[in-house]
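What follows is a single structure, written as structure tokens, with notes after it.
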């Protein structure tokens, strides 16, 4: 009886929050939000069986939330301000086209999720392959050792809280350097990002594993905490997510699962609100890595603007969806035309490392900024896009639907494959955390095809370690 009462109260609170939020939006924001809820409700009430595992990190849940927030932000930015972040005026008829395309993309995503419907998570009967966990760990430790020997100074920067380069000091120049170098991508993957990821993983894994070492186990956390603080003070949000997410997943799948229930949804909303606050706050603190200066900037920000920087239309993180409207406007004006598949092909060719294909095409995100904002591109900025942009540029709204459908379909297929391993192997948890980061958390602002590439890049060392562990002597 008490459990039912909790559920009823939680549902009423969620309904109140939802109605209040939608009522506070602009006219087009309300139309989009109501249409969004209706489409999802139709698919949830669909008479066919559904595959809905009781897992908070099932890709569908957070992806649909982020897709909504990014899309809504673009609508509100243009409807309330009339222009994108670069001052380009966007007419309201483009906003209406944008809303239609977003809802069409949502329909494609929902059909893709429905394509692998199963009534129960336990219905999955996949043959599990043997995992040689210790051998994988040995391979990864050897890899980290050689990476430290070769590139100790650069890896150390990720843990050095006493000498931190802020995002403002480093980001733009770093992107320009990467464009000039054909081998920088491989260098980052194998000699910086992967070693740091694996070091943090082992630190947290051994901390959780050796619970009997009451005090000594905390020594394993020291490098991880240094890396976490460095990520926060540097202002690189991607580094912060990469430090937190794998450890969150490891705890969830291997030690204490986060339950998915109606009352807990309220708690998760609060945590999501906190994450939203931190991510948007970091956007203002990127110009410095000095903690005292950061505190002063926060006080100045709140005293001058209040908490208006947290509104969806003022979020620099979310407003990349306006790029899609700028493309629509460019096509309508005749500045560019549909590529009829070329942009999709270009995104696929980007998978080839520059070291092997120096003249490969630019990613669609770069092509966009080179076309519409060349001055931003020359400075090394403007790398964000929107997940529907690549499909629309290629084939219009047909491309929007197809790319959305195929992406969600194969994302669920991947989850179904890896899900049984997540409770058996910490290394598969690490692998899934990287795919979740790139294909769920970052896909809306990064693009579908780019998310697949980023997932492969961030997991290549882990995948190779798993493959090598199966080689018999």
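Residue numbers (my numbering): 83 to 555. Yeah, the Cβ is synthetic: ideal placement off N, Cα and C, and Gly gets one too.
Go to residue i, then tell me how far its alpha helix (DSSP H) extends in each direction, as first and last residue.
i, result
"residue 387", "373–387"
"residue 238", "215–239"
"residue 178", "174–197"
"residue 459", "456–461"
"residue 405", "404–415"
"residue 428", "424–431"
"residue 292", "No alpha helix (DSSP H) contains residue 292, which DSSP labels as neither H nor E."
"residue 298", "Looking at the DSSP string, residue 298 is not in any alpha helix (DSSP H), and its letter there is neither H nor E."
"residue 109", "109–126"
Indicate whether residue i and residue j have their beta-carbon atoms separated by less than 8 Å.
i, j, result
"residue 507", "residue 215", "yes"
"residue 389", "residue 475", "no"
"residue 350", "residue 152", "no"
"residue 471", "residue 386", "no"
"residue 517", "residue 186", "no"
"residue 423", "residue 477", "yes"
"residue 446", "residue 528", "no"
"residue 371", "residue 315", "yes"
"residue 95", "residue 488", "no"
"residue 366", "residue 383", "yes"
"residue 283", "residue 328", "yes"
"residue 394", "residue 162", "no"
"residue 286", "residue 139", "no"
"residue 149", "residue 188", "yes"
"residue 450", "residue 409", "yes"
"residue 121", "residue 192", "yes"
For residue i, does the count of other Cβ atoms within 10 angstroms reach 16, so buried, or fall short, so exposed?
i, result
"residue 226", "buried"
"residue 461", "exposed"
"residue 123", "exposed"
"residue 109", "exposed"
"residue 504", "buried"
"residue 99", "exposed"
"residue 534", "buried"
"residue 440", "exposed"
"residue 362", "buried"
"residue 548", "buried"
"residue 212", "exposed"
"residue 181", "buried"
"residue 276", "buried"
"residue 294", "exposed"
"residue 202", "Reliability fails at residue 202, whose pLDDT of 47 lies under 50, so the model's placement of it is uncertain and the value that follows must be treated cautiously. Label assigned to residue 202: exposed."
Name, in chain order, the residues that DSSP records as bridge partners for residue i.
i, result
"residue 165", "171"
Contact defined as beta carbons within less than 8 Å: I believe residue i pairs with residue j. What is the distance between those atoms, to the nearest angstrom?
i, j, result
"residue 115", "residue 107", "6 Å"
"residue 236", "residue 273", "7 Å"
"residue 155", "residue 403", "6 Å"
"residue 292", "residue 299", "5 Å"
"residue 113", "residue 407", "Going by Cβ atoms, the distance from residue 113 to residue 407 rounds to 16 Å, so no, they are not a contact pair."
"residue 442", "residue 427", "Not confirmed; about 11 Å, so no contact."
"residue 164", "residue 491", "That pair is no contact at about 37 Å."
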